[in-house]
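Colleague: Take a look at the following structure, please.
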Amino acid sequence: MTPSIPDKLDRVLLHLSLTISIVVVFSLPAVSAFIAYSDLSKELTFKARIKANAQKEMITTLPQTWMFAENRMQGILAREPVLLENEFVQIFDDQGNELTSAGEPIKGRFIERSYPLYDIDRIVGKVVVSTSLSHVIHNTLVSSILELFMGSLVLLVLWFLPVKKLRRLSTELSEEKQQAEVTLQSIHDGVLRTDKKGSLVYLNPAAEKLIGRSFYELNRKAISEILTLIDEQTNSEVESALYKAINTKKSASCQGRCSLISHDNRTIAVEEQAIPLMDNSGKLIGGVLCLNDVTIFRKRLKQQSWRASHDSLTGLINRREFEERVAKAIERAQVERRSGLLCFMDLDGFKIVNDTCGHNAGDELLIQLSRIISAQVRTSDSLARLGGDEFGLLLDGCDEERGRIIANSILSAVKNFHFFYNGKSNTVGISIGMTSVTSRSRKAKDVISEADSACYWAKESGRHRLCIFQDNKAELTARRDEVSWVERIKSALEEDRFSLYYQTFQTLSERTGPRQHLEILLRMVSESGEIILPGRFFPAAERYNLMPQIDQWVINKVFSEFHNIRADHGDSGLMVNINLSGASINCLELCDFIKAKITEYNIDTTSICFEITETVAVRNLRAATDFINECKEIGIQFAIDDFGTGANFFSYLKNIPVDYLKIDGSFVKNIEQDEVDRAMTETINRIGHLLGKITIAEFAENQPIIDILNEIGVDFAQGFGVCKPMPLIKT
């Protein structure tokens with residue numbers, strides 16, 4: 003029997019109703035689950051990216067050892083965004099080895115997302131964030147049950163309503179579905195929904211918190227009345243991206259520069275994402291605006307940018323930033339014919355304060371002087387710390403007459419400054435070299451070099467004065483200065499005008515035994531009796547290959563007085579450390595000289611330890627290893643000095659046969675305040691012990707530092723907190 007048309011229609015409507023009902027029952031929970039899973043995935047990816055970016059500074063600063071700094075990694079992981087109760091974060095190196103983790107491992111089904119760790123542009127590891135899927139599964143099951151009930155209702159409604167009503171209901175459901183999906187996509191941030199005129203019709207709790215007012219207060223108000231947005235760079239008010247989305251019927255955004263002024267006067271860095279809402283016919287029915295709070299993220303970016311361009315001690319711009327500004331000044335001079343001046347400034351007497359009062363005093367002196375100099379320059383000028391006790395000053399658009407006035411005010415201010423430390427007053431001077439920045443200038447480094455040369459001329463002319471750069475005078479001064487030091491060194495060698503000082507070590511570990519250790523320090527004595535520190539004459543000695551002669555003088559002097567030195571210190575188990583230069587290590591005659599002097603003065607070689615710096619060892623690894631092995635055959639011991647400053651210092655340590663490891667003082671002097679320096683010291687000490695080396699920490703400036711070194715397990719401490727340099731041989 004052929005079915006009638008009404009029956010066919012009923013059958014078609016039944017099948018259509020069943021199909022729609024099935025789609026409702028299965029598709030909506032699936033979409034809901036997909037959206038929930040997608041949102042959760044995006045949230046984990048965002049957290050992984052934030053955690054990875056937070057580790058970036060430490061990795062860039064410590065490219066070879068960051069994976070050992072677990073305490074610092076843990077500290078960074080503990081910062082925002084904080085981990086929820088069911089979240090677990092892990093850090094892996096590039097080999098897939100877990101370095102550290104935070105939170106509890108996830109049980110059952112879970113989702114994880116990762117983000118790479120970068121050292122500049124190289125991937126060195128990854129951050130993995132994971133969380134449980136239990137709440138997603140639970141919500142999906144609940145949604146399925148509800149949608150099953152809704153599907154049954156839909157089936158009944160569709161079965162009894164006319165096709166016209168069914169179509170109208172389908173259209174309404176489609177519009178509601180579109181609005182619900184857009185809202186769900188933005189639910190984790192502040193979400194505002196408007197009508198086609200831009201009047202508010204919906205506000206989620208996150209948006210209420212950002213704006214500082216409730217939906218009840220703001221309902222039906224225009225977005226322009228609700229949101230006050232400003233451009234971070236110009237501080238001028240800007241229009242919300244929502245209006246652009248409504249007018250163009252396309253998505254719009256305002257990222258990277260926009261901030262929201264809340265009704266309680268908070269300034270919140272935000273990113274805007276606006277989407278127009280359209281019906282099935284393409285007619286505009288409203289818009290959705292998503293506000294993402296990125297205050298913490300932008301603050302960290304600004305901090306990283308500041309650290310990359312500024313000196314951490316004084317807060318002034320650093321050498322790299324200064325050179326970039328000088329290069330831009332040269333470009334302006336070439337394009338606009340606008341000249342300027344550049345000053346190179348070097349402190350006079352800083353090393354005396356640094357050596358006699360300690361490095362903490364030196365740091366404080368630099369901080370105070372940077373403030374004094376800053377007070378003498380214009381706001382448009384650029385003052386930089388170029389390194390050590392050297393400063394740079396760019397006077398953009400300044401003539402020589404005005405530049406002289408500024409330079410003389412700096413000279414006067416520094417002259418009148420008295421630095422008080424531990425009850426003592428110290429004074430310093432400053433030598434200033436000045437040169438012009440004109441359209442004829444080529445490179446920033448060349449201009450800085452000119453000012454540097456003029457500064458040397460100022461020092462040679464009597465210090466604490468200003469000198470204007472002149473080509474012939476600067477070159478003549480450089481040559482005279484180098485030749486002068488060479489002659490003075492040779493004269494001091496011939497007239498025996500070098501003096502030996504020493505610094506003892508403090509034993510911190512029982513594993514080192516009762517033997518007393520001391521390091522030999524060298525000073526030059528001028529013809530007038532002035533004690534000259536090595537930093538002043540070593541550069542010329544190294545440049546003109548005089549270091550082997552100086553080292554041989556020290557060895558001969560120590561060996562000739564060795565028995566008196568041991569008697570003066572009342573300890574037959576004395577260990578004497580003598581520093582050797584890289585030029586001496588490469589000198590083939592040095593070993594024969596040492597052996598001859600040992601025989602001549604009947605030296606107990608087990609009481610001698612030669613120190614070579616890490617830089618010398620790495621640059622001359624083959625020569626250093628051969629020299630060390632030859633000396634160790636006759637009983638002499640060796641120490642690596644300034645250990646930890648090189649880029650690959652752990653890679654060669656297994657193969658170089660030294661007995662002692664001297665941890666570089668740059669890690670030790672700030673160990674009280676800097677957790678990274680403490681971690682580095684602990685790492686070097688631990689690895690040194692694993693390799694059977696005895697560890698010595700330099701720059702132990704005070705008792706708190708010594709106590710920390712003792713707690714870490716370092717074997718010896720050396721520095722002003724243990725013993726200040728004293729004359730070795732009694733006169």
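Counting along the sequence shown from 1, when you hit position 641 you're at 643 in the working numbering, and nothing is skipped either side. Note that the Cβ used here is the ideal one computed from N, Cα and C, for glycine as well.
1. Contact between the region 322–342 and the region 277–294: three or more CB pairs below 8 Å?
2. First and last residue of the beta strand (DSSP E) that includes residue 579?
3. Does the structure place the region 310–322 close enough to the region 396–406 that three or more beta carbon pairs sit under 8 Å?
4. Which word fits residue 222, buried or exposed, when buried means at least 16 other C-beta atoms lie within 10 angstroms of its C-beta?
5. Do you know whose CA, among 452, 357, 273, 114, lies nearest residue 435's CA?
6. Which two residues bound the contiguous beta strand (DSSP E) that contains residue 506?
7. For residue 195, is the classification buried or exposed, using 16 other Cβ atoms within 10 angstroms of its Cβ as the cut-off for buried?
8. Please name the residue or residues paired with residue 94 in a DSSP beta bridge.
9. For residue 639, does the three-state DSSP call read helix, strand or coil?
10. Taking DSSP as the reference, what is the three-state secondary structure of residue 553?
11. Could you please give the first and the last residue of the uninterrupted alpha helix (DSSP H) stretch that includes residue 536?
12. Which whole-angstrom value is the C-beta distance of residue 683 and residue 665, which I expect to be below 8 Å?
13. Out of 259, 255, 725, 127, point me to the one whose CA is closest to residue 238's CA.
14. Along the chain, where does the alpha helix (DSSP H) containing residue 306 start, and where does it finish?
15. Since residue 256 sits in a beta bridge, which residues does DSSP pair it with?
16. Rounded to whole angstroms, how far is the Cβ of residue 352 from the Cβ of residue 391, which I believe are closer than 8 Å?
17. Under three-state DSSP, which class holds residue 433?
18. Following the continuous beta strand (DSSP E) through residue 69, name the residue where it begins and the one where it ends.
19. Taking the Cβ atom as the reference point for each residue, do residue 433 and residue 400 lie within a distance shorter than 8 Å?
20. Counting C-beta neighbours from all protein chains within 10 Å, is the total for residue 580 16 or more, i.e. buried, or is it exposed?
21. With a floor of 4 residues, list each alpha helix (DSSP H) that falls wholly inside the region 647–721, ordered by position along the chain.
22. Are residue 721 and residue 700 touching if we call contact CB-CB under 8 Å?
23. Starting from residue 467, trace the beta strand (DSSP E) both ways and give me its first and last residue.
24. To the nearest angstrom, report how far apart residue 687 and residue 112 are at their CA atoms.
25. Per DSSP, residue 337 is paired with what?
26. One question on the structure: do residue 271 and residue 236 come within less than 8 Å of each other, judged by their Cβ atoms?
27. According to DSSP, simplified to helix, strand and coil, what is residue 361?
28. Once you ignore the five residues that flank residue 501 on each side, which residues in its own chain have a CB closer than 6 Å to its CB?
29. Between residue 440 and the rest of its own chain, which residues show a CB-CB distance below 7 Å, the 5 nearest in sequence each way excluded?
30. Determine the DSSP secondary structure at residue 730, reduced to helix, strand or coil.
31. On a CA-only basis, which of 302, 306, 731, 374 is nearest residue 62? Give me that one, please.
32. Can you look up residue 584 in the DSSP assignment and give me helix, strand or coil?
33. Does residue 147 pass the burial test, meaning 16 or more other C-beta atoms within 10 Å, or should it be called exposed?
34. Please list the terminal residues of the continuous alpha helix (DSSP H) segment that includes residue 565.
35. On the DSSP bridge assignment, give the partners of residue 214 in chain order.
36. In the structure shown, what three-state DSSP assignment does residue 269 receive?
Modeller: On the basis of the supplied data:
1. They do not touch, by the three-pair rule.
2. Here the beta strand (DSSP E) through residue 579 covers 577–581.
3. Between the region 396–406 and the region 310–322 there are fewer than three inter-stretch CB-CB distances shorter than 8 Å, so the stretches are not counted as touching.
4. With fewer than 16 other CB atoms across the displayed protein chains lying within 10 angstroms of its CB, residue 222 is exposed.
5. Among 452, 357, 273, 114, the Cα nearest to that of residue 435 is on 452.
6. Where residue 506 is concerned, the enclosing beta strand (DSSP E) starts and stops at 500–506.
7. Flag for residue 195 reads buried.
8. Bridge partners of residue 94: 100, 128.
9. Of the three classes helix, strand and coil, the one that applies to residue 639 here is strand, per DSSP.
10. In the three-state reduction of the DSSP assignment, residue 553 falls in the helix class.
11. Residue 536: member of the alpha helix (DSSP H) spanning 536–545, first to last residue.
12. About 6 Å separates the two Cβ atoms, so the contact holds.
13. Taking each of 259, 255, 725, 127 in turn and checking the Cα distance to residue 238, the smallest one comes out for 259.
14. Residue 306 -> alpha helix (DSSP H) spans 297–311.
15. Answer is 274, bridged to residue 256.
16. The Cβ separation is near 4 Å, so the contact holds.
17. In the structure shown, residue 433 falls within a strand segment according to DSSP collapsed to helix, strand and coil.
18. Careful: residue 69 lies outside any beta strand (DSSP E) and carries neither H nor E.
19. No. Outside cutoff.
20. Flag for residue 580 reads buried.
21. For the region 647–721, whole alpha helix (DSSP H) runs of length 4 or above, ordered along the chain, are 667–670, 677–692, 705–714.
22. Yes; because the gap between Cβ atoms is below 8 Å, this pair is in contact.
23. Annotation: residue 467 is outside any beta strand (DSSP E) and is labelled neither H nor E by DSSP.
24. If you take the alpha carbons of residue 687 and residue 112, they lie about 40 Å apart.
25. According to DSSP, residue pairing for residue 337 in a beta bridge does not occur.
26. Taking a C-beta distance under 8 Å as the contact criterion, residue 271 and residue 236 do not qualify as a contact pair.
27. DSSP, reduced to helix, strand and coil, places residue 361 within a helical segment of the structure shown.
28. Spatial neighbours of residue 501 in its own chain (CB-CB distance under 6 Å, excluding positions within 5 residues in sequence) are listed in chain order as 525, 527.
29. Answer for residue 440: 335, 341, listed in chain order.
30. In this structure, residue 730 counts as coil in the three-state DSSP scheme.
31. Considering only alpha carbons, the answer is 306.
32. In this structure, residue 584 counts as helix in the three-state DSSP scheme.
33. In this structure residue 147 is exposed. Its beta-carbon is surrounded by fewer than 16 other beta-carbon atoms within 10 angstroms.
34. In this chain, the alpha helix (DSSP H) harbouring residue 565 covers 564–570.
35. None; residue 214 has no bridge partner.
36. Residue 269: strand per DSSP, three-state reduction.
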